[in-house]
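Everything on this sheet refers to the single structure shown next.
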Amino acid sequence: MGNFKGKDILHGNQFSRKDIDGIINVASGFEKELKKKDSLTLLRGKILATLFFEPSTRTRLSFEAAMQRLGGGVIGLGSVESSSVAKGETLADTVRTVSQYADAIVIRHPRTGSAKEAADAVPIPVINAGDGTGQHPTQALLDIYTIKKELGSLKNLTISMVGDLKYGRTVHALAELLSLFQARLYFVSPLALRMPEEITSGLRAKGIEVIETEDMLKAASGSHLIYMTRIQKERFADLSEYEKVKGSYVLNKAFLDRLKKKITILHPLPRIDEISADVDDYPGAAYFRQMRNGVFVRMAVLAMIFGKA
Ligand code: NCD
């Protein structure tokens, strides 16, 4: 595994296959340790700042839990409205300020490229927890960890990504990581929400087989795993365009019955209507296990950037 001490975590393309294997090992070690005790002391005295300029439940709380399980502390803005951002402070000045109080920053911001901007403004490590429609690398790492755990291996997989492939940053980052393992990929979306062409052509240039289709049943029938995503309503400039595509894909019990084979189901969450509640007790429904894995994987990422793994 490469040396991540002091490094920023900004993009899915910054990891090698060896890095992924290393991160999975470290995360799995933390998962085992947390079965024996509630918390560790590896990052005692370190402070993580969480800067979320967009809504978050899982990403923020799992980062905070991860830091605290490692013995470190967390500070964060209660809300953007209660900070000087509301007075018009720039992102660069805000992160410069925060870098005086914390040893690392986790940031989520609506502008694509914002995490890189923040990282360029400060000497401490910055972790991208979602930059607009860009990337969400730690989500992709926890997705990969979950796939390995659920399916036993990352080799020779066929994976369907379904829903909003245009605006969904989780699928942008995950496609990068899966390309390291020569996965076959089905991209299932309405025509208006296809995966950005530069990502698809980048994957094909690496020799990855990519099949774009609107047919979820056909794709799922040929896949080991289906990765559902939410239509990213907040990214549509024109809400009537959203109305046209909302509810395009719904995974429910009736669909699984038609599939006639077991499939593993992931979703970064939150779900709106794309996975029905009648799927939740299906054995392959792994999305609640997936969100728990976020804590172990984020512990691994934090330990790495602080040079402790
Ligand atoms: C995702 C996000 O914010 O990009 N959620 C997450 O981090 N688990 C997906 C989404 O909001 O649809």
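The sequence shown begins at 22 in the working numbering and counts up one residue at a time. Just so it is clear, CB atoms sit at the ideal spot from N, CA and C, and this is done for glycine as well.
Practice prompt. State the beta-bridge partners of residue 306 as determined by DSSP.
Written response: 286
Worksheet item: Does any heavy atom of the ligand NCD sit closer than 7 Å to the C-beta of residue 156?
Response: no
Practice prompt. Determine the contact status of residue 91 and residue 330, defining contact as a CB-CB distance below 8 Å.
Written response: no
Item to complete: Count the other C-beta atoms from every protein chain shown that fall within 10 angstroms of the C-beta of residue 37, then say buried if there are 16 or more, exposed otherwise.
Response: exposed
Worksheet item: Looking at the unbroken alpha helix (DSSP H) that takes in residue 41, where does it start and where does it end?
Response: 38-57
Discussion item. Does the structure place the stretch 72-80 close enough to the stretch 128-140 that three or more beta carbon pairs sit under 8 Å?
Written reply: yes
Discussion item. Can you determine whether any heavy atom of the ligand NCD sits closer than 7 Å to the C-beta of residue 291, and answer yes or no?
Written reply: Because some heavy atom of the ligand NCD lies under 7 Å away, the Cβ of residue 291 counts as near it: yes.
Worksheet item: Can you find a heavy atom of the ligand NCD that lies under 7 Å from the Cβ of residue 190?
Response: yes
Worksheet entry | Endpoints, beta strand (DSSP E) assigned at residue 181 | Its beta strand (DSSP E) spans residues 179-183.
Discussion item. If distances are taken between C-alpha atoms only, which option among 158, 219 and 281 comes closest to residue 44?
Written reply: 158
Fill in: Contacting residues, own chain, Cβ-Cβ under 8 Å from residue 250 (five flanking each side not counted)
182, 183, 184, 185, 186, 189, 191, 192, 288, 289 and 295
Worksheet item: Do you know how far the Cα of residue 211 is from the Cα of residue 232?
Response: 14 Å
Worksheet item: What's the call for residue 93, buried or exposed, on a 16-neighbour Cβ count within 10 Å?
Response: buried
Item to complete: Please say whether residue 179 and residue 243 have beta carbons closer to each other than 8 Å?
Response: yes
Worksheet item: With respect to the beta strand (DSSP E) encompassing residue 232, which residues constitute its N-terminal and C-terminal limits?
Response: Start and end: 231-234.
Worksheet item: Does the count of Cβ pairs from the stretch 51-58 and the stretch 113-124 closer than 8 Å reach three?
Response: No: fewer than three Cβ pairs fall under 8 Å.
Worksheet item: Per DSSP, what kind of secondary structure is residue 10 in: helix, strand or coil?
Response: Residue numbering for the chain in the displayed model covers 22 to 330; residue 10 lies beyond these limits and cannot be assessed.
Fill in: CA-to-CA distance, residue 160 to residue 340, given in whole angstroms
No answer is possible for residue 340: the residues shown for the chain start at 22 and end at 330.
Worksheet item: Name the DSSP bridge partner or partners of residue 33?
Response: According to DSSP, which records beta bridges pairwise, residue 33 is partnered with nothing at all.
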